[in-house]
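Under the UniProt record's numbering, the first residue of the sequence shown carries the number 1, and numbering increases by one thereafter.
Working notes, structure below.
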Amino acid sequence: MKVAMLGPIAWRTPPLHYGPWELVTSLITEGLVERGIDVTLFATLDSITKATLDGVAPSGYEENADLDGRVWEALHIGHALARSGEFDLVHNHLDWLPLAFSQQCEAPMVTTIHGFSGPNILPAYRRARSAFVSISDSDRSPDLDYLGTVHHGIDLDGLPLSQNGGEDLILFGRIHPDKGTDLALDIAAKAGRRLVMCGIVQDRAFFEELIEPRIDGDRVVYLGSVGPDERGAILGSGLALLHPIRFAEPFGLSVVESMACGTPVIAFRKGSMPEVVDEGVTGYLVSNVDEAVTAVDRVRDLDRAACAGRARRRFSRDRMVEDYLAIYRKIVG
Numbered sequence: 001m002k003v004a005m006l007g008p009i010a011w012r013t014p015p016l017h018y019g020p021w022e023l024v025t026s027l028i029t030e031g032l033v034e035r036g037i038d039v040t041l042f043a044t045l046d047s048i049t050k051a052t053l054d055g056v057a058p059s060g061y062e063e064n065a066d067l068d069g070r071v072w073e074a075l076h077i078g079h080a081l082a083r084s085g086e087f088d089l090v091h092n093h094l095d096w097l098p099l100a101f102s103q104q105c106e107a108p109m110v111t112t113i114h115g116f117s118g119p120n121i122l123p124a125y126r127r128a129r130s131a132f133v134s135i136s137d138s139d140r141s142p143d144l145d146y147l148g149t150v151h152h153g154i155d156l157d158g159l160p161l162s163q164n165g166g167e168d169l170i171l172f173g174r175i176h177p178d179k180g181t182d183l184a185l186d187i188a189a190k191a192g193r194r195l196v197m198c199g200i201v202q203d204r205a206f207f208e209e210l211i212e213p214r215i216d217g218d219r220v221v222y223l224g225s226v227g228p229d230e231r232g233a234i235l236g237s238g239l240a241l242l243h244p245i246r247f248a249e250p251f252g253l254s255v256v257e258s259m260a261c262g263t264p265v266i267a268f269r270k271g272s273m274p275e276v277v278d279e280g281v282t283g284y285l286v287s288n289v290d291e292a293v294t295a296v297d298r299v300r301d302l303d304r305a306a307c308a309g310r311a312r313r314r315f316s317r318d319r320m321v322e323d324y325l326a327i328y329r330k331i332v333g
C-alpha cells in the first residue's frame, strides 16, 4: 500500500512545541512506516520523518511571518494532489480546503476531521469525494457519514508514569476563553493550590486583561509553550490537570497525555470528555468551578498507576495506527 499523508503546514511535523494536528499526523506516519507501509508525508520541508518527505512550504506559516498561510496551504495542496495518482490512498489532515479540490484527487481520499471550526465549512464536506473519520463520537456532524471513529493516540515513551506526582494543579493548552484559562485560575485559588500553566497565547487581549495580571511566579506560574521533551515531566509533576473548557472539545491531547503520566484530570463535562475520561479511574467530570474545587479534594483518592494503565491501554499510538490501517483496508481492500 502506498499512502500520501497530506499534513497541515501551520507548524513543522512533528511540532517543536504546539501543533496538535501536526503531532497526530507525525505519529500516524511514523507508525505506518514501522509497519512497512510506503508513506510520503506532504508537510513543511523542515519536517522530520522516516517516511519520504515532500512539500513546498519551507517552514510552518505560524513560525514564519513572511509566509501567508492561505497562499502556502493552497500551493501545498495543489502540489500533493498533482501527485495523487501515484498512491493508493490520500489521507487528509488539513481540514476543508483539500476537500474543495477532491474531484482532482486521483486516489481515494480519507479525511480525519480534527474538529469543525464552524458550520460554515460544512458545504465543503458535503460536496467532497472523501471518506470521513471522526476523532470522537461527540464531534460527529449529523450531516455526514463516517467510516469510523479513531481516538487519537500518543507517544507513550515520552510520558513516563509518575507514581507520586506533586501538589500543584496543571493547565496545559492554548490560552483562550474556550479553554477556560480564567476558570482554571479560579479553581486553583479556591482550592488553595498553586497553578502551573503551559501553552501558547492564542487570544492576546484575553491574556493581557484576565490572565497576565494574576501570574505572580509563585501561586500562578506560566511556563509558556513547552516542547515534547518537557511535557512528561510537567504533566507528571501535578496533583491533577485542570480542563475547564467552555466549548465542545473534539478530543484533548493534553488530557490523555496527563492521564498516561498518572496525573488524573478534572474536566468540564463537554464535548468528548465523557468519552475520554473514565470517571473515578482517570479523573472526574464536573460542571462548574465549585464542583471542580470539590474534585481537587477527592483526586488524591485515585490510583495513579491505575490511571496511567487505563490511559496507556486506550490511547497508545500503536492502537491508533492499527485503527487507521483498518480504515484504509475498508477503502482500498
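From the three backbone atoms N, C-alpha and C, an ideal C-beta is built for every residue, glycine too.
Task: Which of helix, strand or coil DSSP assigns to G85 - done: helix
Task: Under the three-state DSSP convention, the category S102 falls into - done: helix
- [ ] Evaluate contact between the segment 228-241 and the segment 2-9, counting only Cβ atoms and requiring at least three cross-stretch pairs below 8 Å.
- [x] no
Open item on the list: I'd like the span of the alpha helix (DSSP H) that includes C307, first residue to last.
Closed with: 304-314
Task: Local Cβ density within 10 Å of N120, reported as buried at 16 or more and exposed below that - done: exposed
Open item on the list: With a threshold of 6 Å on Cβ separation, who are the neighbours of A188 within its own chain once the five nearest residues in sequence on each side are excluded?
Closed with: L169, L195
TODO: Tell me whether V90 is buried or exposed, calling it buried when 16 or more other Cβ atoms sit within 10 Å of its Cβ.
DONE: buried
Open item on the list: Measuring CB atoms only, is the segment 206-214 touching the segment 263-281, in the sense that at least three cross pairs come out at less than 8 Å?
Closed with: no
Open item on the list: Within 10 Å of its beta-carbon, does D95 have 16 or more other beta-carbons around it, so buried, or fewer, so exposed?
Closed with: buried
TODO: Within 10 angstroms of the Cβ of D155, are there 16 or more other Cβ atoms? Answer buried if so, exposed if not.
DONE: buried
Task: Delimiting residues of the beta strand (DSSP E) encompassing T52 - done: 52-54
TODO: Look up E279 in the DSSP assignment and give the residues it is bridged to.
DONE: G283
TODO: Whole angstroms is fine: what's the gap from P228's alpha carbon to P20's?
DONE: 11 Å
TODO: Whole angstroms is fine: what's the gap from E34's alpha carbon to D54's?
DONE: 19 Å
Open item on the list: Just to check my reading of the structure: H93 and T49 have Cβ atoms closer than 8 Å, yes? What is that Cβ distance to the nearest angstrom?
Closed with: Not really, about 14 Å apart at Cβ, beyond 8 Å.
Task: Three-state secondary structure (DSSP) of T263 - done: coil
- [ ] Please report the Cβ distance between T13 and S59, rounded to the nearest whole angstrom; I am assuming they are in contact, meaning their Cβ atoms lie under 8 Å.
- [x] Not a contact, Cβ separation roughly 11 Å.
Task: Whole-angstrom distance between P177 and A248, CA atom to CA atom - done: 13 Å
Task: Assigned secondary structure, S134 (DSSP; H/G/I helix, E/B strand, else coil) - done: strand
Task: Straight-line gap, residue 335 to R219 (C-alpha atoms, nearest Å) - done: The requested residue 335 is not part of the displayed model; the chain covers only 1 to 333.
Open item on the list: Does A74 come out as helix, strand or coil in the three-state DSSP assignment?
Closed with: helix
- [ ] Excluding the 5 residues preceding and the 5 following A308 in the sequence, name in chain order all residues of the same chain whose CB lies nearer than 8 Å to its CB.
- [x] L161, M259, A260, C261, G262
Open item on the list: Which complete beta strand (DSSP E) runs does the segment 139-221 hold, if anything under 3 residues is left out?
Closed with: 168-172, 195-198
Task: For V110, three-class secondary structure by DSSP - done: strand
Open item on the list: Suppose the cutoff is 7 Å on Cβ atoms and the five residues either side in sequence are ignored; what does the same chain contact list for Q104 look like?
Closed with: L81
- [ ] Kindly indicate which residue of G180, E167, D203 has the alpha-carbon position closest to the one of G192.
- [x] E167
Open item on the list: Suppose you measure from the CA of R304 to the CA of R310; what does that come to, to the nearest Å?
Closed with: 10 Å
- [ ] Classify D38 as helix, strand or coil using the three-state DSSP reduction.
- [x] strand
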